Amino acid sequence: MRIIQIVGYKNSGKTTLACDLIRAFAAEGRKVGTLKHDAHQFEPEPLGTDTWKHRQAGSSTTAIVSAERTAWVVERTTSIEELVSQMTLQRLDDLIVEGFKSAPYPKIALIREEEDADLLQLSNVIAVALRKPLPSVEKLAREMGIPVFLLSSLDSFEPLLAFLRQELMELMTSWEIKGMKKGLKEGREEGIKAGIIKGKAEGKQEIAVKMLQKGFETPTIHELTGLSRQKIQKLKEAMQQWN
130 MRIIQIVGYK
140 NSGKTTLACD
150 LIRAFAAEGR
160 KVGTLKHDAH
170 QFEPEPLGTD
180 TWKHRQAGSS
190 TTAIVSAERT
200 AWVVERTTSI
210 EELVSQMTLQ
220 RLDDLIVEGF
230 KSAPYPKIAL
240 IREEEDADLL
250 QLSNVIAVAL
260 RKPLPSVEKL
270 AREMGIPVFL
280 LSSLDSFEPL
290 LAFLRQELME
300 LMTSWEIKGM
310 KKGLKEGREE
320 GIKAGIIKGK
330 AEGKQEIAVK
340 MLQKGFETPT
350 IHELTGLSRQ
360 KIQKLKEAMQ
370 QWN
């Protein structure tokens, strides 16, 4: 499951960009999920509905189901880690996360004005999106090695989309590619199968090391790669020795 976070301050266009990505990925036949952080007390249902009445009566967890969809309302907050874990169970291809600035996933920082440049200091910012030219922000981002995309029109969305396809596919599928290469080199059917298994195992470790270097936490690496927490801890200890 590829995860992309979209972060920015109020009215920066986070939802617009999220919808652009959802449409683009869904058009490719990918199964897309979304998470959104809301800073206010939101009400998920119209007042007076049956499930609203259930909640008002004291239900701590409420579900409503139709032939087309299912909705849950749980009367507590939920951590981003738990939400991502639940999304993983849905077998998604992509998860678009709107908000949650402190979370460690790959981020697009939507910067509206020069004073929003502090968003570049967040963890794992892989791209900066601007609605208008901001020379000082662009200069700072490039000094940090972060690519900048100007989203001034509908036509300008494609370069960012192309970048995300390449960046995220390289991260999440490199172990499968390595496995294929190892298997094909063997030249036999059983060699291909064995090569894929071995390549995936080795490639997952490479991904885990990259994620540790970028500041990802062990539970997140475990969810995305399938490596055991013990194996990730050993990799972390080995990296500390190298340093």
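Residue numbers for the sequence shown follow the numbering used here, beginning at 130 and rising by one.
Here a beta-carbon is modelled for each residue, glycine too, at the ideal position from N, C-alpha and C.
As the structure is a prediction and not an experimental result, all values here were calculated from the model.
Taking residue i as the reference, which of the options has the closest Cα?
i, options, result
"G274", "F286, I255 and K261", "I255"
"K139", "M130, I132, H166 and G158", "H166"
"V213", "R198, F229, V202 and E204", "F229"
"L251", "F345, K363 and T354", "F345"
"T217", "E335, M130 and K363", "M130"
"K268", "K343, W201, R159 and L249", "L249"
"E204", "G355, P348, E335 and Q170", "Q170"
"P233", "S357, I133, T180 and V161", "I133"
Quick check on the DSSP output: the beta strand (DSSP E) that includes residue i runs from which residue to which?
i, result
"I275", "First-last for I275: undefined, no H or E at that position."
"T199", "T199 to V203"
I need the DSSP call for residue i, collapsed to helix, strand or coil.
i, result
"A155", "helix"
"L239", "strand"
"T178", "coil"
"D222", "coil"
"L263", "coil"
"A232", "coil"
"L290", "helix"
"T347", "helix"
"L150", "helix"
"K333", "helix"
"T163", "strand"
"S285", "helix"
"L248", "helix"
"E172", "coil"
So the alpha helix (DSSP H) residue i belongs to, where does it begin and stop?
i, result
"Q215", "I209 to T217"
What does DSSP give as the partner residues of residue i in its beta bridges?
i, result
"Q134", "V226 and K236"
"I193", "A200"
"A256", "I237"
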